[in-house]
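Here is the structure we will look at.
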Amino acid sequence: MEQIKNAKVTVVNATTDLVTVSVEGDIVSVDLETSGLDWQRNEVLLISIADSSQTSIVLDVSSVNPHELRAWLHRNLFGRLIVGHNLSFDLKFLTRVYDFDLRSCAYYDTMLAEIVLFAGLDYGNSLKEIVARRIGLELDKTIRADFTAFGRTLTMTDTHYRYASLDALTTLAVRELQLVDLRTNELEQIAELEMRLLPVVVEMELGGVPFDWQRFETFVSVLHEKRTLAERLMQEALQPAALRIAEHQSRHTPQLFVVPQTININSKPVCKDGVWNYRQLWPVLQQYGIEIVDKDGNPSLSAKDMQRWDAAHTVDAAIPPEAEALLQSYRQYRNPLLNLYAYTIAIHKLDDSFGKTLREMYHNGRLYPWFKQLGAKSTGRFSSNLQQLPKDEKIKPLGLPSLRQCIAAEPDHSLVIADFAGIELVILADMSGDEVLGDLIVRSARGEEDIHLYVVRQAFGDLHPEAKNATLDKKKVAPYSLLRNAAKPTSYGIAYGITGMALSETISQQLAPLGVTCTPEQAQQIIDNWKQKAFRKAGAWLDKTAQQGQRLGYVRTALGRKRMFDLRNADRKALSAIGREASNAPIQGTCADMLKLAMVYVAKDLDPARARLILTVHDELVLHATNDYAQEASMILKQSMEKAARKCMPRMGQYVVVEPAISSCYDK
DNA sequence: CGATCACGG
DNA sequence: ACGCCGTGATCG
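Residue numbering for the first sequence is 2 to 669, as defined by my numbering.
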């Protein structure tokens, strides 16, 4: 600690200094001070570099020649191990501003390491928190505000230089402590995977996602057209009821007999300046006899509660004839008014969620989403702000053009898209050693059997007399298709620790068209059948893993990634939550291990001049490749993913077959 | 800022 | 108390 505070700091604020100053040793830590968090728009102000001899160099970039600085950085960083906290941030700036060669170095990120070490626990992962926890040093971050407030016009003082040097010096010390912990926790392999993945993720973020703006503009204009239309029709359909309420609220509202611009219910605006506040519509719908409540009896307009209500009630409410045309391919509900309402909500959500965010993400022909390779509480999966893009099946019934097709290959390029099919059940079969489940998956992949129909035959007998006859040839005909759709969430739900109560809701929803309702007792029976009869080993493994989490306080994935649980003060409720999380974490986490391993493989084997990774979505990878290379790139992708599967699954890995698709856009 | 609503896996 | 992991937007 004293060593850090007394470290020698060399400030470089003249181009001539670059000749005399250089970095020593194989391991250096790097930390940037920038004018903001946006790597595309903000500037680099200071570059702080420390080495293991506890000396530190601070480069004041505005006072040195940028070309000289670029050459200096290349000379001094090339081939070294670069240490930093949240290095992704620094590397994006260095690459954008100084053409830093990402592939020329190895990396160690103290933030990633700390998350790997404490995954699942509610620990802070900022450098300030880590340093306070591990070294007992309070880093004063208040001066950072100077950089963002003044940017290039800031007059640098010794205080600024010393502040900049401190982060770089402390990360080196933090790394030393973490290396010991990684070893004792047997997390070295997983940490190495994350560190090797880091530059791959940075390249992906830097490159962006090719995006057809023209197509997106069309999408947005149709979206707005439908939104306006839906709102107008909604207003027409609901006006009589709204007026009755408005009259009731205020006896003197003659102006409301013209088309109302503002309607208040319980002093909250339902329709203001022609814009519907659709969450406040419950009292209006109530006027039509539509009184939807959740399971506690409270007013609700969520899809789940609406569906349940709709299945049991009919109501005599007309919608404008024009609305029939709008809703012709959108048939969520029997009740036309609910259907129009649901349509309006769906359009609103799409506009809110994507109209604006995709626009902000767009820059010069590409989208620039962010990717976090680890979240603080994570099982190992990526998170990103571009992994909830609606699929065409959701969008087409609304009468909108595809949104996914806006992600389109650039001229002379193609997208290569590949995913692991049904991988969670494969992992469950592998980890539990369940031969029945494993055999079923292998035969399903060959097209000889269907795992979900098998579940229907084995566990749905009580619900439907035809369940026993659900064979492969009847996969697409009613009632077998519907039963199959109900079995799908059953298997996944069980892997996530679903209860009879929740499963009965899901199954009832799926089987509503058959007039079948599933009681919580029947659903519990299905779960018991699944776990104790159909797939005994998988069921036992899930229970055993839940207990391991509850007793040991952690579980591990195939590659040894740990997910930890805080057992202190865990009451019954918390403990059962730990059980569900613990049985799921190895499955979800192994999937993440596999995909990350595949990303490292594919980045190593692809020709970077002709192909690159653009997206990763849990069990899916997408490449952008030149047309003359797309075929070869798809083979590399296939082999990388299959190799990763074999590495993570000793039993089932050999049966995993990946079939990449080559397409002009993100749409399989 | 947490809860609730969508969307993805 | 009752399904795992995320994202964004809205509301009180």
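Beta carbons: idealized from backbone N, C-alpha and C, even for Gly.
Spatially closest choice to residue i from the options, by CA coordinates
i: GLU195; options: GLU292, SER577, ALA524 and ALA107; result: ALA107
i: GLN236; options: LEU33, ALA319, GLU506 and LEU553; result: ALA319
i: HIS349; options: TYR369, ASP317 and GLU232; result: GLU232
i: TYR342; options: TYR369, LEU234, ARG367 and PRO370; result: LEU234
i: LEU476; options: SER445, MET502 and GLY501; result: Here the sequence assigns Lys to residue 476, which means Leu is not the residue at that position. Here the closest residue by C-alpha is SER445.
i: LEU286; options: LEU339, VAL417 and ALA559; result: LEU339
i: LYS639; options: VAL437, ILE663 and ALA430; result: ILE663
i: TYR334; options: LEU351, THR17, PRO514 and LEU207; result: PRO514
i: GLU685; options: GLU44, PRO300, VAL98 and SER53; result: Since the first and last residues shown for the chain are 2 and 669, residue 685 lies out of range.
i: ASN66; options: PRO370, SER54, THR17 and SER23; result: THR17
i: TYR289; options: ASN336, ALA304 and TYR331; result: ASN336
i: SER166; options: GLU115, GLY152 and GLN4; result: GLN4
i: SER385; options: ILE396, LYS534, ASP463 and LEU616; result: LEU616
i: ALA541; options: ALA646, ASP435 and ALA571; result: ASP435
i: ARG557; options: THR380, PHE148 and LEU441; result: THR380
i: PRO412; options: LEU598, HIS625 and LYS597; result: HIS625
Run of the beta strand (DSSP E) containing residue i, from where it starts to where it stops
i: LYS489; result: Where LYS489 is concerned, there is no enclosing beta strand (DSSP E), although the alpha helix (DSSP H) it sits in stretches over 481-496.
i: ARG557; result: 555-557
i: GLY85; result: 82-85
i: LYS644; result: Here LYS644 belongs to no beta strand (DSSP E); instead the alpha helix (DSSP H) covers 628-649.
i: ILE48; result: 45-52
i: VAL29; result: 28-35
i: ASP317; result: First-last for ASP317: undefined, no H or E at that position.
i: MET565; result: 563-565
i: LYS9; result: 9-13
Reduced DSSP category for residue i - H, G, I as helix; E, B as strand; rest coil
i: GLU621; result: strand
i: ALA610; result: coil
i: VAL427; result: helix
i: ARG581; result: helix
i: ILE527; result: helix
i: HIS253; result: Annotation note: pLDDT 40 at HIS253 (below 50); position unreliable, coordinate value reported separately. If DSSP states are grouped into helix, strand and coil, HIS253 belongs with coil.
i: CYS666; result: strand
i: ALA422; result: coil
i: LEU616; result: strand
i: LEU328; result: coil
i: MET576; result: The question names Met, but residue 576 is Leu in the sequence shown. Here LEU576 sits in helix by DSSP.
i: HIS675; result: Any property of residue 675 remains undetermined from this structure, which presents the chain solely from 2 to 669.
i: THR158; result: coil
i: HIS465; result: coil
i: ILE293; result: coil
i: LEU60; result: strand
i: ILE408; result: strand
i: PRO402; result: coil
i: PHE90; result: helix
i: SER385; result: strand
i: PHE672; result: Absent from the model: residue 672. The displayed extent of the chain is 2 to 669, so no value can be given.
Proximal residues to residue i (C-beta, below 8 angstroms), its chain only, five neighbours per side dropped
i: CYS592; result: ARG382, PHE421, ILE424, GLU425, ILE428, HIS619 and ASP620
i: ARG252; result: Because ARG252 sits at a pLDDT of 43, beneath the cut-off of 50, its placement in the model cannot be relied upon, and the point is left open.
Nonlocal neighbours in the same chain, by C-beta distance under 6 angstroms from residue i, ignoring five residues either side
i: VAL260; result: Residue placement at VAL260 cannot be trusted, given a pLDDT of 33 that sits under 50; what the coordinates show is reported in the next sentence. Closer than 6 angstroms at the Cβ level, and outside the excluded window around VAL260, lies no residue.
i: MET650; result: ASP431
Host alpha helix (DSSP H) of residue i (start-end)
i: MET205; result: 189-208
i: TYR342; result: 337-351
i: ALA146; result: 145-151
i: ILE116; result: 111-119
i: LYS395; result: 393-396
i: GLU25; result: First-last for GLU25: undefined, no H or E at that position.
i: LYS129; result: 128-135
i: PRO67; result: 67-78
Close Cβ partners of residue i (< 7 angstroms) along its chain, the five nearest in sequence each way excluded
i: LEU484; result: VAL457, PHE461, HIS465, ALA468 and ALA471
i: ALA169; result: SER30, VAL31, ASP32, SER49, ILE50, ALA51 and SER57
i: LEU188; result: VAL117, LEU118, GLY561 and LYS563
i: SER64; result: ASN14 and ALA15
i: PHE220; result: LEU401, PRO402, LEU404 and CYS407
i: LEU368; result: GLY209, VAL210, PHE212, LEU359, MET362 and LEU387
i: ILE191; result: VAL117, LEU560, GLY561 and ARG562
i: ILE1; result: Outside the modelled stretch of the chain, which goes from 2 to 669, sits residue 1, for which no answer is possible.
- Should the stretch 467-478 be regarded as contacting the stretch 539-553, the criterion being three or more beta carbon pairs within less than 8 angstroms? Touching, no, given that fewer than three Cβ pairs across the two stretches are closer than 8 angstroms.
- Item | Cβ contact check for the stretch 565-578 and the stretch 592-603: 3 or more pairs under 8 angstroms | no
- Task: Check whether the stretch 289-297 touches the stretch 305-312, taking contact to mean three or more Cβ pairs, one atom from each stretch, closer than 8 angstroms.
- Result: yes
- So, do the stretch 97-104 and the stretch 61-75 have three or more beta carbon pairs nearer to each other than 8 angstroms? Yes, the stretch 97-104 touches the stretch 61-75.
- Task: Decide yes or no for the touch test of the stretch 214-234 against the stretch 623-633: beta carbon pairs closer than 8 angstroms, at least 3 of them.
- Result: Not touching, per the Cβ criterion.
- Would you call the stretch 532-549 and the stretch 579-597 touching, i.e. three or more CB-CB distances under 8 angstroms? Contact holds: three or more Cβ-Cβ distances are below 8 angstroms.
- Message: With three or more beta-carbon pairs closer than 8 angstroms as the criterion, would you say the stretch 322-336 touches the stretch 370-380?
- Response: Counting C-beta pairs with one atom in each stretch, the stretch 322-336 and the stretch 370-380 have fewer than three that are closer than 8 angstroms, which means they do not touch.
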